[in-house]
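The next block holds one structure in the form of structure tokens; read it before the comments.
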């Protein structure tokens, strides 16, 4: 599908009613920085789909129909700093250990996943700076406490204006979102990785 595409900075496939992505779709694509797959109809992601995208910086999967994220889903994303899986149907069996343990992953949005009930200890790596839980059945207190899933020093938002309004696909890319609003550029929201400061 992407044959002949030379070193693209980003691929935008949002709002296309995509229900399925074939295995190997992104193999051989070269260094890709940003991948936008939001607002589609994806229910699952084939194993190894992102393995060839080691240089990807941000992945936007918001507003799909994802129900399950196996622990190895994002394993190939060695440089990713932001993953947005908000507004999906993630539930069974929850978020497993290692799912978001990528070495550079700083921002994860799990907001607006009302059926999400558990995140295992070790789900996030030590590089995590902030996670959004607004609109899910999880709280920051639970993640930091009994579940032990929130790494020390990581920020967390489970209510308020941060949830689902701004995704993390643009985090830290040096560009201020065209939807910038100073009310959201706070330490709690971190919605644009400081790009709008």
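Residue numbers (my numbering): 18 to 214.
Backbone N, C-alpha and C define an ideal beta-carbon position, used for all residues, glycine too.
Under 9 Å between C-beta atoms of residue i and residue j
i: residue 166; j: residue 140; result: yes
i: residue 54; j: residue 26; result: no
i: residue 51; j: residue 81; result: no
i: residue 120; j: residue 142; result: yes
Contacts around residue i, its chain only, beta-carbon distance under 8 Å, and the 5 residues preceding and following it disregarded
i: residue 111; result: 133, 134, 135, 136 and 137
i: residue 71; result: 93, 94, 95 and 96
Cutoff 7 Å; reference residue i; Cβ partners in own chain excluding five residues on either side
i: residue 131; result: 152, 153 and 154
Among the options, the one whose alpha carbon lies nearest that of residue i
i: residue 149; options: 82, 124, 54 and 35; result: 124
i: residue 105; options: 60, 43, 64 and 122; result: 60
i: residue 114; options: 102, 88 and 80; result: 88
i: residue 24; options: 36, 42, 96 and 47; result: 47
i: residue 122; options: 116, 145 and 101; result: 145
i: residue 91; options: 30, 176, 33 and 75; result: 75
i: residue 43; options: 73, 164 and 103; result: 73
i: residue 32; options: 65, 77 and 66; result: 77
Own chain partners of residue i with C-beta closer than 6 Å, once the 5 adjacent residues on each side are dropped
i: residue 68; result: 93
i: residue 63; result: 40
i: residue 109; result: none
i: residue 103; result: 79, 126, 128, 129 and 181
Buried or exposed by the 16-neighbour rule on C-beta atoms within 10 Å, applied to residue i
i: residue 211; result: Here the model assigns residue 211 a pLDDT of 48, short of 50, so the residue's position is not dependable and the matter cannot be decided.
i: residue 36; result: exposed
Inside the segment 48-129 only - beta strand (DSSP E) runs reaching at least 3 residues:
If only uninterrupted beta strand (DSSP E) runs of at least 3 residues are considered, those enclosed by the segment 48-129 are 51-53, 75-77, 99-101 and 124-126.
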